[in-house]
Structures are given as C-alpha cells and as structure tokens.
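Residue numbers for the sequence shown follow my numbering, so the first one is 1 and each next one is one higher.
Glycine included, every Cβ here is placed at the ideal spot set by N, Cα and C.
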Amino acid sequence: MSDRTLDQQPHTPHQPSHGQAHQPAPGQSHGEPQSHTPHIHAHGSEPDDFAVQIADSVESFVLAVTEVAKGDEPGSAVSLLLLEVSQVLLAGGRLGAIEDVVPEDRFEPDAGPEPDGEQLRERLAELLAPIDVYHEVFDPYGPPEKPNAFRISDDLAGVVGELQHGLTHYREGRVSEALWWWQFSYLSNWGTTCTAVLRALQSLIAHVRLDSPIGAVPDGADTDDDGLTDEQLEQQAGDLMAAELGLGR
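Encoded structure:
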C-alpha cells in the first residue's frame with residue numbers, strides 16, 4: 001500500500017504507474033465550483049449513480065477491447081476501437097470536470113497483483129499489424145518536439161491495465177478509492193494516451209473513407225456512400241499504413 005502523504009507528480013504519458021499516494025489531481029482546486037460533484041459513499045455502502053456510470057463505462061471498455069483482441073471480427077476492429085476509445089474518453093472527461101475525489105484512507109489498500117496484459121498486447125499487435133505504429137507529440141502546449149512513435153497495441157493494453165486497477169477497488173466496495181484512481185490516472189496518463197490513440201484511429205479511417213493516401217490533402221468529396229464493407233475498409237487501411245511505414249503486406 002502507498003502512503004498518501006508522498007509527493008505526487010503527473011506521469012509521462014504512455015508510462016503508467018500504479019500504487020501512488022493520494023493528493024488532489026493536477027490542475028484542480030477543492031474550492032473551485034464544478035459541474036458535478038459525486039457523493040462518495042462510505043466503504044461497504046452502495047455507490048451513487050455517478051460512480052456506477054463511470055464503473056460501467058470502464059468495465060465496458062475493458063471487455064470490448066478484450067473481445068476485439070480475440071480477432072473474431074478483424075474487418076471491423078478499427079471501427080470498434082474508435083467507438084470504444086471515444087466512449088471511455090467521455091467517462092474520463094466527466095472525471096476531469098468534477099472536483100478532486102478525496103479517498104477515505106491515507107493509504108491505498110493493496111489491490112493485489114496487477115493483471116498480466118502481455119497476452120492482450122500481443123493479440124492486439126497481431127490484429128493491427130501493420131497499422132499498429134503511429135506518431136504523436138506528447139504535449140501540444142509544451143516546447144516544440146519531434147513526434148515519437150508509439151503502438152496502439154501497447155497503449156490500449158496499458159490503459160486496460162490502469163482501468164482494471166480501479167475496477168479491483170470498485171468491486172471490493174472501495175468506491176472513493178476507485179474514483180480517485182480513475183480520476184488521477186485519467187489526468188496523468190490514460191486520458192492523454194487514449195486521446196493519441198483516438199487521433200490515430202480517426203486519421204486512419206478518414207484516409208480510407210476520403211480515399212486520401214497518407215500525406216495527401218483530402219479533396220472534400222462526399223464518400224458516405226462508397227459501397228465498401230468494414231472488411232474492405234480494414235484492408236485498405238492496412239495497405240495505406242503499410243505503404244506509409246514501408247512494410248510489405
């Protein structure tokens with residue numbers, strides 16, 4: 001368990017860290033009015049609607065990504081991931097918009113061993129190859145920097161692991177602990193990570209639907225009725241990204 005009095009700094013995106021001490025989430029103040037403040041119930045009591053909704057969104061994302069990674073529907077994998085990442089970011093936005101969640105205990109209770117996400121990571125990497133690698137800049141408000149290469153499979157597996165950490169607390173009745181973790185980790189890591197993945201997935205689909213090779217300027221043509229199936233879209237997307245990365249397919 002972690003001593004909550006320890007100093008906490010936001011983590012570098014794409015590098016999750018667990019077992020942190022509690023303190024107000026970065027950039028927020030307890031005295032600031034917010035759009036909504038969840039009522040945090042005592043340990044062992046029923047969570048309120050806000051907590052249930054966030055937990056449902058988190059669990060839905062974890063289950064959906066796990067199902068997509070099985071590879072049963074490879075032709076719709078990119079589209080499904082786009083939807084799931086968009087939806088979990090809505091939950092993250094709600095967490096970011098409220099005031100700081102203050103947990104009940106000074107120490108974070110032991111959530112047990114972290115789940116091994118390597119199998120999920122490998123399945124996603126196999127499913128998404130060769131469109132797995134994308135480029136992103138960490139901080140749009142930071143000093144100019146060169147884009148770094150990341151993998152969608154690495155990022156999604158890492159986000160699933162972070163969200164599962166909070167789910168463990170939630171399922172054991174530690175509602176405030178779960179909400180604190182989801183809020184803090186959203187602001188410090190998985191929010192940035194999911195935003196980057198969302199941009200990559202949206203860009204990929206846009207290139208396909210607009211019939212725009214990567215690097216070209218879309219001509220603005222209406223391609224809503226292009227007659228392509230999800231499987232054909234996935235194939236085109238893979239071919240486009242493979243060409244961009246200089247990979248054979």
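Spatial distance of residue i from residue j (CA atoms)
i	j	result
Leu90	Ala64	16 Å
Asp139	Ala200	16 Å
Leu163	Arg94	15 Å
Ala111	Val133	32 Å
Leu81	Ala69	10 Å
Ile152	Gly92	19 Å
Asp3	Gly161	The pLDDT assigned to Asp3 is 38, lower than 50, so where the model puts this residue is not dependable; a value taken from the coordinates is nonetheless given after this. Whole-angstrom Cα-Cα distance: 22 Å.
Val145	Pro47	The amino acid occupying residue 145 in the given sequence is Glu; Val does not appear at that position. Looking at the two C-alpha atoms, the distance is approximately 43 Å.
His41	Pro103	Bear in mind that a pLDDT of 41 at His41, under 50, signals an unreliable position, so the number given afterwards is only what the model happens to contain. Answer to the nearest angstrom: the Cα atoms are 10 Å apart.
Arg123	Ala97	34 Å
Trp182	Asp155	16 Å
Gly71	Glu126	9 Å
Ser79	Val175	32 Å
Asp56	Gln87	11 Å
Tyr186	Glu177	14 Å
Val101	Thr195	22 Å
Gln53	Glu172	17 Å
Phe250	Leu179	Because the chain here runs from 1 to 249, residue 250 falls outside it and cannot be looked at.
Val208	Glu73	18 Å
Glu108	Gly117	22 Å
Glu99	Gly75	41 Å
Gly191	Ala206	22 Å
Val137	Ser188	16 Å
Leu83	Gln202	10 Å
Which of helix, strand or coil DSSP assigns to residue i
i	result
Tyr141	coil
Glu260	One cannot answer for residue 260 here, as it falls past the ends of the chain, which runs 1 to 249.
Ala51	helix
Val133	strand
Glu108	strand
Pro24	Because the pLDDT of Pro24 is 41, which lies under 50, any placement of that residue in the model is unreliable, and the question is left without a value.
Asp219	Note on Asp219: pLDDT 43, under 50, position unreliable in the model; no value is reported.
Ala69	helix
Enclosing alpha helix (DSSP H) for residue i [first to last residue]
i	result
Tyr170	Ile152 to Arg171
Glu177	Val175 to Ser185
Gly93	Ala77 to Ala97
8 Å Cβ cutoff met for residue i and residue j
i	j	result
Ala77	Leu128	yes
Asp167	Glu59	Here residue 167 is Leu; the residue named in the question, Asp, does not match the sequence. It is a contact, given that the beta carbons lie within the stated cut-off.
Leu210	Ile131	no
Gly158	Thr193	yes
Leu198	Val62	no
Glu114	His169	no
Inset, instruction - Identify every run of the beta strand (DSSP E) within the segment 188-214, keeping only runs that are complete inside it and at least 3 residues long; order them along the chain. - result: none
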